[in-house]
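Each residue of the sequence shown is one higher than the one before, starting from 1 at the first, in the UniProt record's numbering. One structure below.
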Amino acid sequence: MAALPPPSSSLWAAFFLLISFTQAFYIPGWSIKSYSDGDVIPLLVNKVYSDKTQIQYAYSELPFVCPPSGRRRVGGLISGSSIALNLGEVLRGDRIVVSDYELEMGKDDEVHYLCSHKVDRAGLQKAQEIVKDNYVAEWVVDNLPGATNFVSADKTRKYYASGFKMGFQDEDPTTGRPRYFINNHVTLVIRYHMAPGRDGQQGKKVIVGFEVYAKSIESGNRDAQGLPVSIADVSNGMELTMRKNGTAAAAYYSSDSTYHPATIDDVDEDATLTIPYTYSVYFREEPHIEWQNRWSLFFADQDDTTGTHWFAIVNSIIISGLLTAVVAVIFARTIRGDLKAASVEDGKLKIKRGRTG
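In structure tokens form, the structure reads like this:
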């Protein structure tokens with residue numbers, strides 16, 4: 001019988017698709033990373049999303065946040081560079097980018113200046129839309145999403161909810177109109193546990209929690225470095241508003257007026273708003289949570305998350321089934337074609353032998 005022809009390109013394509021599928025989804029708790037004191041910890045910014053709409057945005061591309069500086073960080077990472085995504089992250093709509101936030105294991109930073117970003121009228125309108133629709137930002141440290149800390153209904157345990165709010169909406173007490181505030185300061189709390197094994201004996205640590213607490217702080221009342229005089233005692237937030245159009249408004253409203261334009265159309269075309277961004281960093285030891293259990297706090301509130309968990313499981317099963325079916329069809333068609341070609345070739349050889357015999 002004739003030898004089978006070499007595998008076709010479609011068979012190789014199916015093979016590589018199967019390999020990539022096995023690496024497509026990140027499995028929490030799969031690969032541990034230890035840090036020594038002073039080691040730089042990359043903070044990655046991902047996306048912003050909302051329960052009110054299916055539209056997501058890349059955090060780094062929002063027109064009202066600090067743009068990446070492009071600086072090369074320790075470890076070869078460049079601020080603003082995109083991180084390669086696996087298939088699961090692509091399907092989730094992730095857009096992970098290296099940020100300019102500076103984190104060093106074990107080093108607290110009470111307040112750190114990031115940038116002062118000048119926003120035009122279009123950027124202001126986008127910021128108001130993001131706040132109005134209750135968008136939530138997702139950042140990542142050591143493959144853990146930045147989370148907001150909550151307490152269960154019976155107040156016996158805490159749990160995490162991924163992401164933090166971009167801002168909040170308030171109502172003007174005199175006019176009843178909505179007012180929008182941007183969260184321009186974040187407090188980052190990195191919770192760590194001593195590393196297991198030899199790394200722990202050398203004083204290395206592993207990250208078991210990443211908490212983000214956002215706050216809105218007015219642009220005034222700051223020192224020469226752009227840092228707020230007080231973070232704990234904040235009387236006014238960073239409001240997303242600009243001055244009204246026209247000279248008449250300037251005559252009626254002084255520089256310290258509390259007047260707020262009714263709509264974005266009331267703002268001058270060339271008007272801008274400068275938003276200062278700052279952050280704080282704190283490292284806290286968490287002796288009760290080991291690295292392999294660090295995702296448990298995301299699932300502690302079972303009453304609220306059971307439905308979401310089942311939806312995620314069903315979604316993963318459907319995706320797995322579809323990809324498996326695609327690979328199976330490619331394999332089946334390729335093998336069938338190869339067998340058919342081999343059968344035809346074998347028939348030709350038999351006919352040729354019959355004639356010569």
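From the three backbone atoms N, C-alpha and C, an ideal C-beta is built for every residue, glycine too.
Sheet register partners of residue i (DSSP bridge)
i    : result
D51  : Looking at the DSSP assignment, D51 forms no beta bridge with any residue, so it has no partner.
H117 : I275
L44  : V98 and V140
Y135 : Y135 pairs with nothing; no bridge assigned.
S60  : Note: S60 sits in no beta bridge, so no partner.
S280 : T187
M238 : I182
H112 : Y279
I78  : R72
E285 : Y192
Expected contact under 8 Å - CB spacing of residue i and residue j to nearest Å
i           : j    : result
A137        : A147 : Not really, about 12 Å apart at Cβ, beyond 8 Å.
G167        : I190 : Actually they do not touch by this definition, with Cβ atoms about 24 Å apart.
Q169        : K118 : The Cβ separation is near 23 Å, so there is no contact.
W139        : V208 : Contact flag wrong, Cβ pair sits at about 17 Å.
L240        : A127 : 5 Å
residue 362 : I319 : The structure shown does not extend to residue 362, since the chain spans only 1 to 357, so no value can be given for it.
D94         : L85  : 6 Å
K33         : D108 : Between D108 and K33 the Cβ distance is about 21 Å, and since that is not below 8 Å, they are no contact.
Three-state secondary structure (DSSP) of residue i
i    : result
D172 : coil
I19  : Only weak support exists for where I19 lies, its pLDDT of 47 falling under 50; the value from the coordinates is given anyway. DSSP places I19 in helix when its eight states are reduced to three.
R72  : strand
S219 : coil
G167 : strand
V65  : coil
G226 : coil
D338 : helix
D304 : Confidence is the limiting factor: at D304 the pLDDT is only 49, short of 50, which leaves the residue's position unreliable, though a coordinate-based value still follows. Helix, per DSSP.
K205 : strand
E345 : helix
A214 : strand
E104 : strand
Bounding residues of the alpha helix (DSSP H) (the contiguous stretch that carries residue i)
i    : result
R198 : G197 to Q201
L85  : Run containing L85: none; DSSP gives neither H nor E here.
Neighbourhood of residue i by C-beta distance below 8 Å, restricted to the same chain and skipping five residues each side
i    : result
G80  : S60, P67, P68, S69, G70, V97 and V98
L297 : A147, K158, Y159, Y160, G209 and I289
V74  : V40
I83  : L44, I96, V97 and V98
Chain-order list of residues whose beta-carbon lies under 6 Å from that of residue i (same chain, five-residue window excluded)
i    : result
D100 : S69 and S79
Y277 : C66, L114, C115 and N184
V186 : V212, A214 and Y279
G106 : D37 and F283
Same chain, Cβ closer than 7 Å to residue i, neighbours up to 5 away in sequence not counted
i    : result
Y57  : K47 and V48
E110 : S280
N236 : E218
D120 : T272
P178 : Q169 and E171
K52  : D133 and N134
L77  : P42 and V98
Y192 : K205, V206, I207, V208, F283, E285 and E286
R72  : I78
Boundaries of the beta strand (DSSP E) in which residue i is found, first to last residue
i    : result
L188 : H185 to M194
V151 : A147 to V151
K158 : K158 to S162
Check: residue i C-beta below 6 Å from any heavy atom of the ligand ATP
i    : result
D346 : With respect to the ligand ATP, the structure shown offers nothing to examine, as it has no ligands at all.
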